[in-house]
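First up is the structure itself, then whatever we jot down about it.
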Amino acid sequence: MSDTVSARAAGGTHEVGGGEAGPQRHSNWEAVIGIECHVELKTETKMFCGCRNEFGGEPNTKVCPVCLALPGALPVANHAAIEHMISAGLAFDAEIPAFSKFDRKNYFYPDMPKDYQISQYDMPLTVGGAVRYWLEDGTVKECRLTRIHLEEDTGKSTHAGSGDGRIAGSTYSLVDFNRAGVPLMECVSEPEIHSADEAVGYLEALRRTLQQIGVSDVKMEEGSLRCDANVSIRPAGSKELGTKTEIKNMNSFRSVYRAIESEIERQISLVEAGERIVQETRGWDEVRGVTHSMRSKEQAHDYRYFPDPDLVPLEVERVDVDRLRAELPELPIARFERYTKELGLDVKQATQLIDNLPLATYFDAVVKANNNPKQSTNFVLGDLSRLANETETPVHESPVTPQHVAELITLVEAKTINSKIAKDLVERMWRGEGSPKAIVEREGLAQTSDPTAIVAFIEEVLTANEKSVTDYKAGKTNVMGFLVGQVMKASKGKADPQLVNQLMKQKLES
Ligand SMILES: [Zn+2]
């Protein structure tokens, strides 16, 4: 959530990019963005061997002959990873073909021990589908997926010494294979995203969904979610695609936002100056807030894909697909539409709940018990969330049960207690005093709505505050608040404030 806030905050100030940014200039151009994400799957073991799939650890301690590609070692596909892929495909309404296979993608990379990567080429586990996401103003958008396929992660190089690892003699590189062979999902979108805001909305939806269906922990800071963006521009209204650049090295959603904004600005400036955009890979410089050329990408690599002879093709059983579909939880987008359309929450409230699933589950239980979404939102996101922050205890782990909150709301609805007493009760429930109904009965906190009793309090207060009465009659009507406050105090907070106001006014103006 913090990523969203800061990413959009950065956008608001337009701190990035060269030239004069602004909606007017942007309106002549349309950005076309496609996003490619690599997501490490959450499994016990790696994709093709029994090594632990865990982040970190001493270098080269989670390795074996298979993930080090020693001669004669044979891979065996991880069943849990395949199920995760199918779940992800189903969550995005993708097609799950009955047959799939693994292919070898041949290229040389120092942290890839086999010199090829096991990936999927023409028969991925999922085909098509779409990510539905929402923007800050509540608009729901859709971006189709080209494919989601399964592959293995590479190891990690660390360039040490005085240089950047490229100058022989002065520097050296270290390789850690702990990550080599970790199951990796590659999720490629169609170029259907048209702004930095949409890109962040898309990524948030992807991250939430994969996290909530339990297939990945999607931590950008640990590299379990990594993304690249392909950016091009074209004259507004045009259907042709411009020359694209690929941006890499973005390590937060805020970086993604800033990098895309900056790149769109750069491309517009170039084209408007009559220059040509070069198809290339550009790195994002977080500190300087600009992208810089990394390497030109004149043509696609020839990866010489061929089916991996060590792995049998995958046959996906319908029963497994049906079971996995049935096991999917309510998806974030469905929850968003339920909260905003059915329950009337605003976008911020809905997002706050969706990004805190235990709180959302708690909220649902409160609504189920009293069918008052508005009051439930007020208590859950208001007083209870405030107490949760102050005491660093999540609401669902506090002594306040959803039934207690529902009971409290019923007491407010029935005007048995006023809002001030309700606030006090939330604090007391938080301290473990239990049922609000029991507290009210035990301590006689029920609201006084008896006019005779209230008039008695009013008369008592007016007698004690003659000066205020004179002031009121002289036109200083703002003393009313003070007088009402005195009545509330005299009634120990139990008087119905609306009735006090009404009766006080009658009394003063009679
Ligand atoms: Zn291994």
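For the working numbering, count along the sequence shown from 1 and bump the result up by 21. Built from N, CA and C at the ideal position, the CB exists for glycine as well.
Going by beta carbons, A516 and I475 fall inside the 8 Å limit. Around the beta carbon of V97, a 10 Å sphere encloses fewer than 16 other beta carbons of the protein chains shown; the residue is thus reported as exposed. Of all residues, those with a beta-carbon under 6 Å from at least one heavy atom of ligand 1 are K67, C70, C72, V84, C85, V87, C88, G202, reported in chain order. For H105, the uninterrupted alpha helix (DSSP H) segment begins and ends at 100-112. Inclusion of A257 and S406 in the CB contact set at 8 Å is not warranted, their separation being larger than that value. Secondary structure note for R229: it is in no beta strand (DSSP E), and the uninterrupted alpha helix (DSSP H) holding it is 217-233. Distance check between V60 and each of A220, I354, L205, L352 places L205 closest, using alpha-carbon atoms only. Of the residues E219, K122, R200, the one whose Cα lies closest to the Cα of C70 is R200. DSSP lists no bridge partner for F384. Distance from the Cα of Y326 is smallest, within the candidate group R125, V196, S317, for R125.
Excluding five sequence positions before and after S216, the CB atoms of its chain that fall closer than 7 Å to its own CB belong to A52, given in chain order. Annotation: E418 to V333 spans about 47 Å, alpha carbon to alpha carbon.
Taking 8 Å as the upper bound for CB-CB distance, S108 and L349 are in contact here, some 6 Å apart. For K269, the enclosing beta strand (DSSP E) starts and ends at 266-271.
In the pairwise beta carbon analysis, the stretch 98-105 is classified as touching the stretch 61-68: at least three pairs are separated by under 8 Å.
Counting other Cβ atoms within 10 Å of its Cβ, R303 reaches 16 or more and is therefore classed as buried.
For T437, the closest of P457, Q527, M450 by C-alpha to C-alpha distance is P457. V433 and T469 have their alpha carbons spaced roughly 13 Å apart.
Apart from the 5 residues on each side of it in sequence, A386 sits with its Cβ closer than 7 Å to the Cβ of P423 in its chain, given in chain order. A check of alpha carbon separations from K122 across M133, F113, V236, S140 identifies S140 as the nearest.
Counting every other CB atom within 10 Å of its CB across the protein chains shown gives Q233 a total of 16 or more, marking it as buried. Cβ-Cβ distances below 8 Å link D158 to V368 in the same chain, with the five nearest sequence neighbours on each side left out; the list follows chain order.
Counting only the Cα atoms, S210 lies some 7 Å from C164. Setting aside the 5 residues that flank it on each side, W451 is surrounded in the same chain by L405, L408, T412, S419, P420, V421, each with a C-beta closer than 8 Å to its C-beta; the list follows chain order.
When DSSP states are grouped into helix, strand and coil, R255 belongs to the strand group. Residue state for R297 is assigned as coil, using DSSP reduced to three classes. In this chain, the alpha helix (DSSP H) harbouring D445 covers 440-451. In the three-state reduction of the DSSP assignment, D306 falls in the strand class. Counting the other CB atoms within 10 Å of its CB gives T498 a total below 16, which places it among the exposed residues.
Rounded to whole angstroms, T167 and C208 show a C-alpha spacing of 8 Å.
Minimum Cα-Cα distance from M241 among the listed residues E225, G235, N251 corresponds to E225. Within the stretch 312-348, complete alpha helix (DSSP H) segments of at least 4 residues are found at 339-348, given in chain order. Considering only Q288, F129, R339, the residue with the shortest C-alpha distance to H322 is F129.
Taking C-beta atoms under 8 Å as the contact rule, S253 and G263 qualify, at a distance of about 4 Å.
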